[in-house]
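Residues in the sequence shown are numbered consecutively from 1, following our numbering. Glycine is no exception: its CB is placed at the ideal position from the N, C-alpha and C atoms. Only a predicted model underlies this, so the values are computations on that prediction, with no experimental measurement involved. Notes for the one structure printed next.
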Amino acid sequence: MRALLISRDPQLHAEIASQGAARVPPLHIAAGRDGLRDALDRPLPEHPGLVIVDAADADAADADLLERLTRHYAAAHFMLLTDNHHPELLIRAMRAGVREVLQLPLVHRALHEAIDRIAASAGVTASRDGKVLAFIACKGGSGATFIATNFGYALATLADKKVLLIDLHRQFGDATLYVSDQKPSMTLSDVCQQIARIDAPFLDSCLVHVAPGFGVLAAADDPAQAVEAKPEHIDAILRVARQHYDYILLDIGRQIDAVSLRALDSTDAIYPVLQLALPDIRHARRLLDIFRSLGYVTDHIRLVVNRYEKGGKLRLQDLHAALGAEVVHTVPNDYIAVTDSVNQGIPVLQLARGSAAARSLADLVEVLTARRVAEAKNGLFDRLFGRGEA
Ligand SMILES: Nc1ncnc2c1ncn2[C@@H]1O[C@H](COP(=O)(O)OP(=O)(O)OP(=O)(O)O)[C@@H](O)[C@H]1O
Ligand SMILES: [Mg+2]
């Protein structure tokens with residue numbers, strides 16, 4: 001879609017242009033004008049699909065100009081950016097047919113949601129509506145990377161989903177090695193370095209392709225040399241990914257920093273992975289406290305107990321009581337199958353299909369995809385599905 005941007009603020013212009021360019025399909029800022037009068041004096045020969053008006057330093061006369069402009073570009077969608085100082089202008093704008101009003105300073109997510117609505121009503125549809133699921137180890141070695149990578153493979157091969165896994169470990173990210181013997185030629189750091197190029201083909205070209213529907217974006221192998229990922233890079237990558245993958249799995253590692261927080265903010269569900277032992281439970285409690293303080297709804301936090309053995313001293317009910325979050329799944333302790341798989345870099349489902357670990361991951365695929373179908377059908381089913389201990 002082509003847009004006309006009316007603003008005196010070069011920084012805002014650059015911001016909207018780069019956010020627009022990162023979209024799929026991109027929103028192209030075809031022209032810029034200094035103000036509404038300038039826009040009326042110099043109309044575009046080819047009408048834009050969207051007109052974005054920065055009303056930060058608008059005055060009373062601008063309401064008339066805005067009305068004239070909406071009549072001139074009668075087929076275009078209008079978006080008004082305002083700092084709330086002009087209620088009169090706002091009312092007149094709404095009457096003139098402006099349907100999207102966004103607050104300044106600009107919140108990127110709000111901008112994209114507004115463009116999504118406009119694109120949907122203009123018939124420019126996003127292709128997929130990918131879900132972002134984060135896996136986070138409550139304690140070192142809980143098994144988050146094993147589960148995230150092998151679950152990604154299972155989702156792609158058993159449920160025929162298009163899956164992307166992003167390794168967000170800051171140091172020693174090794175997710176690709178769990179399921180592949182290929183050395184990544186590109187990493188998250190390379191994508192961040194060339195973030196202006198981000199689109200589906202570019203993202204795909206940076207992945208290690210583990211199976212036809214499953215690609216992994218590797219972590220930077222040398223953090224000292226690497227371009228640091230920034231929260232806005234993560235936004236741009238996830239935006240493209242959501243439109244082209246059914247599931248985007250994040251292997252968060254254990255660090256909580258600006259990047260992992262931004263990633264967690266964008267997730268549809270968080271899967272903390274822990275083992276049924278007191279140190280793990282203590283770490284899990286701290287992690288859940290952080291999530292609560294950040295305002296994450298408990299409903300989105302789904303515990304996975306790894307290396308689970310029935311009949312232990314600690315029971316799943318104790319865990320539920322201690323943490324106040326639901327255990328959605330258990331993965332059994334399966335030393336031989338998992339160690340063989342991890343050591344050879346072959347997904348456990350491929351190496352030992354009948355093993356307890358592989359069967360458990362297949363169950364998790366079923367729980368998750370059933371949940372998604374149910375969510376689509378009826379919100380009530382969401383509460384009934386997939387909550388039992390597997
Ligand atoms: N279900 C399981 N049964 C047996 N062994 C397992 C199981 N899950 C994981 N392991 C073993 O635990 C080790 C650590 O797992 P993994 O690397 O996935 O942990 P992590 O939570 O990602 O750790 P880190 O905090 O280092 O990122 C693996 O090398 C694997 O051999
Ligand atoms: Mg890990």
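Using a 10 Å radius around the Cβ and a threshold of 16 neighbouring Cβ atoms, would you call residue i buried or exposed?
| i | result |
| --- | --- |
| Gly386 | The pLDDT assigned to Gly386 is 40, lower than 50, so where the model puts this residue is not dependable, and the model offers no usable value. |
| Gly152 | buried |
| Ser293 | exposed |
| Arg239 | buried |
| Met94 | exposed |
| Ser185 | exposed |
| Met1 | buried |
| Lys255 | Going by the sequence as given, residue 255 is Gln instead of Lys. With fewer than 16 other Cβ atoms within 10 Å, it is exposed. |
| Asp318 | exposed |
| Ala224 | exposed |
| His273 | The residue asked about is misnamed: residue 273 is Val in this sequence, not His. Buried: at least 16 other Cβ atoms inside 10 Å. |
| Leu380 | Per-residue confidence for Leu380 stands at a pLDDT of 41, beneath the threshold of 50, marking its modelled position as unreliable; no derived number is given. |
| Glu88 | exposed |
| Tyr335 | exposed |
| Gly130 | buried |
| Ser339 | Residue identity differs from the one stated: residue 339 is Thr in this sequence, not Ser. Exposed: under 16 other Cβ atoms inside 10 Å. |
| Asn343 | exposed |
| Asp160 | exposed |
Going by C-alpha to C-alpha distance, which of the options sits closest to residue i?
| i | options | result |
| --- | --- | --- |
| Asp289 | Tyr308, Ala325, Arg315 and Gln275 | Ala325 |
| Gln19 | Arg8, Asp116, Leu361 and Leu65 | Asp116 |
| Ile237 | Ile195, Leu349, Gln275 and Asp265 | Ile195 |
| Ile52 | Ala148, Leu89 and Ile16 | Ile16 |
| Asn393 | Leu276, Pro10 and Leu314 | Any question about residue 393 goes unanswered here, given that the chain covers just 1 to 390. |
| Gly345 | Arg262, Gln182, Ala322 and Thr369 | Gln182 |
| Gly215 | Pro231, His244 and Leu90 | His244 |
| Tyr178 | Ala61, Leu349, His233 and Leu36 | Leu349 |
| Arg315 | Ile281, Asp340 and Thr339 | Ile281 |
| Gly35 | Ala322, Ala56, Ile29 and His300 | Ala56 |
| Leu12 | Val342, His72, Ala211 and Arg33 | Arg33 |
| Asp199 | Ala3, Ala14, Ser7 and Val24 | Val24 |
| Val132 | Asp246, Ala258, Val259 and Asp363 | Asp246 |
| Gln418 | Leu90, Leu81, Ile91 and Ala120 | With the chain covering 1 to 390 only, the question about residue 418 has no answer from this structure. |
| Leu90 | His72, Leu111, Ala58 and Ala120 | Ala58 |
| Asp221 | Leu203, Ile234, Asp204 and Asp190 | Asp190 |
| Leu111 | Gly295, Leu278 and Asp54 | Asp54 |
| Pro392 | Leu287, Val365, Arg197 and Ala322 | In the structure displayed, the chain extends from 1 to 390; residue 392 sits before or after that span and is not available. |
| Leu168 | Ala211, Leu155 and His233 | His233 |
Less than 7 Å separating the beta-carbons of residue i and residue j?
| i | j | result |
| --- | --- | --- |
| Ala229 | Cys192 | yes |
| Ala241 | Leu164 | yes |
| Ile248 | Leu217 | no |
| Ala39 | Leu5 | no |
| Ala393 | Leu188 | Because the chain spans 1 through 390 in this model, residue 393 falls outside it and cannot be assessed. |
| Ala134 | Leu264 | yes |
| Ala148 | Asp251 | yes |
| Lys162 | Gly213 | yes |
| Arg355 | Ala337 | A small correction: the amino acid at residue 355 is Ser; Arg does not occupy that position in the sequence shown. Contact: yes. |
| Ala96 | Leu50 | no |
| Pro231 | Val208 | no |
Measure the alpha-carbon distance for residue i versus residue j and round it to whole angstroms.
| i | j | result |
| --- | --- | --- |
| Asp83 | Pro332 | 54 Å |
| Pro48 | Arg109 | 22 Å |
| Glu389 | Ile118 | With a pLDDT of only 35 at Glu389, under the threshold of 50, the placement of this residue in the model should not be trusted; the figure read from the coordinates follows. In a straight line, the C-alpha of Glu389 is about 42 Å away from that of Ile118. |
| His329 | Gly143 | 13 Å |
| Pro105 | Glu46 | 30 Å |
| Leu384 | Val367 | Its pLDDT being 41, under 50, Leu384 is placed unreliably in this model, and the coordinates cannot settle the point. |
| Ala352 | Gly173 | 25 Å |
| Ser266 | Ile136 | 14 Å |
| Arg99 | Ala74 | 13 Å |
| His86 | Ala63 | 10 Å |
| Asp9 | Val107 | 16 Å |
| Arg170 | Ala226 | 10 Å |
| Ala357 | Asp299 | 26 Å |
| Asp363 | Thr145 | 18 Å |
| Asp65 | Ile29 | For the sequence presented, residue 65 should be read as Leu rather than Asp. Distance between the alpha carbons of Leu65 and Ile29 is about 21 Å. |
| Glu283 | Lys313 | For clarity, residue 283 is His in the given sequence; the question names Glu instead. Between His283 and Lys313, the C-alpha separation is close to 19 Å. |
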